[in-house]
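The structure appears right after this line, and notes come after that.
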Amino acid sequence: MKGVMLNVNPTLQFVDVTHLIGPQDVMEAAFVIKNMAPFFPAGTVHLAVVDPGVGTSRRPVALKHNEQWYVGPDNGLFSLVLNSQPPDELVVLDKPSYWRTPSPSDTFHGRDIFSSVAAHIASGVSLDTLGSPIETLKPLHWALPIADQQGVQGWVVHVDHFGNCITNISKKLIHDQCNSLSVKCYVGSTIIASIKTTYNTVPTGEPLLLFNSHGLLEIAINTGNASEMLSIRKGSPVNIVFTDDC
Amino acid sequence: MKGVMLNVNPTLQFVDVTHLIGPQDVMEAAFVIKNMAPFFPAGTVHLAVVDPGVGTSRRPVALKHNEQWYVGPDNGLFSLVLNSQPPDELVVLDKPSYWRTPSPSDTFHGRDIFSSVAAHIASGVSLDTLGSPIETLKPLHWALPIADQQGVQGWVVHVDHFGNCITNISKKLIHDQCNSLSVKCYVGSTIIASIKTTYNTVPTGEPLLLFNSHGLLEIAINTGNASEMLSIRKGSPVNIVFTDDC
Amino acid sequence: MKGVMLNVNPTLQFVDVTHLIGPQDVMEAAFVIKNMAPFFPAGTVHLAVVDPGVGTSRRPVALKHNEQWYVGPDNGLFSLVLNSQPPDELVVLDKPSYWRTPSPSDTFHGRDIFSSVAAHIASGVSLDTLGSPIETLKPLHWALPIADQQGVQGWVVHVDHFGNCITNISKKLIHDQCNSLSVKCYVGSTIIASIKTTYNTVPTGEPLLLFNSHGLLEIAINTGNASEMLSIRKGSPVNIVFTDDC
């Protein structure tokens, strides 16, 4: 893919965000895109190829949102970063003259369509040159955490390199329900009480809750691997019970 | 290695193709080089260091082929991309003034010889300045698939990130033997009949055959890991039997 | 982190040295920094975030040493590359206007402080603009190998991609004690006699000792994985006994 892009424009600068998305895991990719995109400059082109439907009728798309561009399959990858807003521009990629080849492989559109289009966008080609306007992306309804004044039920959406388990429960969601941060968290093989601000506030080897650098509730162990030690996996349910009156 | 190259020329652009070649697996590296090189622009310098013979009498070489350069040990790494053609230029690297040091480590020529030479090539230094012309690379005879009008016997040469198992059996090899694509494929713990064009043409969890984006027969499972689920490894034999008259 | 740096300066060039340091393993990171830094050009900014104390009172620092800069937490990461010399310049990072945000996350100073500061240094901002001078880094006393004319006791500090086990015993340390290189090495489940210069000097599958490309004693197996086959891990003790009179 980088070879294809350098053929379009040899001066491009690449940043590899991750090569560790689980195979076909569109939700994990959408989660990573949402969290990393705001830290990149205006003008960045985000190329994302988690594409279980490659070779089927799923559409190849490109869009503009918040002064950045996104290129990839129309399968929900961009739904979280868009956060229910319509993109500023949105096209289906139907102009093969901007692809690597007019006869793309049935199994690798990342190489034959998306890379080439992304490189053209980064080189200043407009979206309406690269495709035809469409109105909407494929709707994708993420299951959201359930919250009321008794508590919140969500789940683990990402386990990082350290074994920290990041949930889909945001600080804002909890605050909207309850003034108090006195909670019990039922997750994996354990119960964790109270929310800390940093890892070192509990003894080495002890579990804790905190809001991570994206404002999401995280289950961690001070200098330990929470996923392994507490038997928590991507998808594990996380139940928060408020222990004070809200 | 990148530090050494930036000392030669701070304006170089790097692309990491892979760091996941199996230790000492010259054949896997040769396979990756053959498949990725054509997608890179003219002028690209390919630096490849899979070098089990480092510190022995195996020669350090550089060569030019199809308007691209290759630098590495003379151990067969470049035999597949050359495809039995002689290189346009070929030298043994015997000019220590272009190395990082005239006294290279016995165990890391990647750092002390190859990186420095690759950076000089990328900066415009000619091959005949960097070494002395030689006639031929070390001959290396890859075992090739055996084909006749009954079928083809090959093997798995690469298992990718998704568990897809790529064989050394090309679409052309099959077509040369048989007009029909009606086959049975015996591989690992299973038999797979018929060749599809994309993963989604079978139900989720079902195995299939297809020709991948390089034209090579691949054993896959729709949204699954064929290597794990079918007990197929790099080196596993793959037997194709033609089921129609050819 | 790269997004943050590109916001400061879109022309930066990045080199990823490693993403494989063990979680919270400051010593392994310090070892890698010491070994790779000398190969990079003058002017390089090394950004290192192995930061178990993030969010506590440990100080964020930047320093200059040998015409290169280093940015990260004050936890010993830079102690080995400094080799007991004082840095040429040393500041505590206390100027939030050069951070990504004046309210950094408690758990990701890599993104909110260190990246932004590193990008400013690479763009020409002086250390005394980015922080306030301090006298010393947190002292950190690495346990060193013990050597006398009977032998040397050290340990494995790094296991590389190939399973080679690198020790903290340098060629110089052995030479300082003994003119002879006739040794027995007790490590893991084996005893290895004599020191070779390259892997191929023993039969395939046999263990050997050599001094690696950084001058450190390494335990290896010719085309094999010494860590797995000899049950050697990071931290395993290594005992060298001199077998000739010194």
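Chains as they are written, first to last, in this note's numbering: chain F, 850 to 1095; chain E, 850 to 1095; chain C, 850 to 1095.
For every residue, glycine included, the Cβ atom is placed at its ideal position computed from N, Cα and C.
All figures in this text were calculated on a predicted structure; none of them were measured in a lab.
A Cβ of chain C is located within less than 9 Å of the beta carbon of Asp961 of chain E. The alpha-carbon separation between His1063 of chain F and Ser975 of chain C amounts to approximately 31 Å. Here DSSP, grouped into helix, strand and coil, assigns Val1032 of chain C to strand. Here DSSP, grouped into helix, strand and coil, assigns Gln862 of chain F to coil. Just so you know, the alpha carbons of Gly871 of chain C and Val920 of chain C end up roughly 19 Å apart. Flagged as an interface residue toward chain E: Leu1059 of chain C, by a C-beta distance shorter than 9 Å. When the alpha-carbon of Pro945 of chain E is set against those of E:Leu1022, E:Ile962, E:Ala886, the nearest one is in E:Ile962.
DSSP, reduced to helix, strand and coil, places Ser972 of chain F outside both helices and strands of the structure shown, so it counts as coil. For the region 905–926 of chain F, the set of positions with a beta-carbon nearer than 8 Å to some beta-carbon of chain C is empty. Annotation: Leu1058 of chain F is outside any alpha helix (DSSP H); the continuous beta strand (DSSP E) that includes it extends over 1056–1060.
When the Cα atoms are used, Glu877 of chain C and Ser954 of chain C turn out to be separated by approximately 25 Å.
CA-to-CA, the gap between Ile1068 of chain E and Lys1033 of chain E works out to about 12 Å.
Think of a sphere of 8 Å around the beta carbon of Pro890 of chain F: the chain C residues whose beta carbon falls inside it are Gly852, Leu855, Asn856, Pro859, in chain order.
Beta bridge pairing from DSSP links Lys1045 of chain E with E:Leu1059.
Residue burial is scored here from C-beta neighbours: Pro988 of chain C has fewer than 16 other C-beta atoms within 10 angstroms and is therefore classed as exposed. Collapsing the DSSP output to three states places Glu984 of chain C in coil.
Taking Ile995 of chain E as the centre and dropping the five residues before and after it, the same chain places the C-beta of Gln1002 closer than 6 Å to its C-beta, in chain order. Lys883 of chain E: member of the alpha helix (DSSP H) spanning 875–885, first to last residue. The residue among C:Ile1044, C:Met850, C:Asn1061 with its C-alpha nearest the C-alpha of Thr1092 of chain C is C:Ile1044. Your pair Leu942 of chain C and Leu979 of chain C checks out as a contact, with CB atoms roughly 6 Å apart and the cut at 8 Å.
Spatial neighbours of Val857 of chain F in its own chain (CB-CB distance under 7 Å, excluding positions within 5 residues in sequence) are listed in chain order as Ser965, Ala968, His969, Ser972.
Beta-bridge pairing by DSSP links Ser1019 of chain F to F:Leu1065. Here Lys1021 of chain F is exposed: its Cβ has fewer than 16 other Cβ atoms, across all protein chains shown, within 10 Å. Under the Cβ criterion (8 Å, minimum of three pairs), the region 923–936 of chain F does not count as touching the region 1033–1042 of chain E.
Between Ala1075 of chain F and Pro1052 of chain F the beta-carbon gap is near 15 Å, outside 8 Å, which marks them as no contact.
For the set F:Gly902, F:His990, F:Ser906, the Cα lying nearest the Cα of Asn932 of chain F is the one of F:His990.
At a C-beta separation below 8 Å, Thr1016 of chain F has no neighbours in chain C, since its nearest C-beta there lies roughly 15 Å away. Here Val864 of chain E is not near Gly1012 of chain F, since their CB atoms are 9 Å or more apart. With the criterion set as a beta carbon lying under 8 Å from some beta carbon of chain C, the members of the region 987–1016 of chain F are His1010, Phe1011, Gly1012, in sequence order. In the three-state reduction of the DSSP assignment, Asn1088 of chain C falls in the strand class, which pools E and B. In the structure shown, the three-state DSSP call for Pro909 of chain C is strand. Ranked by Cα distance from Ser981 of chain C, the first of C:Ser1019, C:Val940, C:Asp1025 is C:Val940. Closer than 9 Å to the CB of Ser954 of chain C there is at least one CB belonging to chain F. By the criterion of a C-beta distance shorter than 8 Å, Asp1094 of chain E is surrounded in its chain by Ser1029, once the five residues flanking it on both sides are discounted.
The Cβ atoms of Leu1059 of chain F and Thr1046 of chain F sit closer than 9 Å to each other. Close to Ser1062 of chain F, with beta-carbon spacing below 7 Å, are these residues of chain C in chain order: Ser954, Thr956, Phe957, Arg960.
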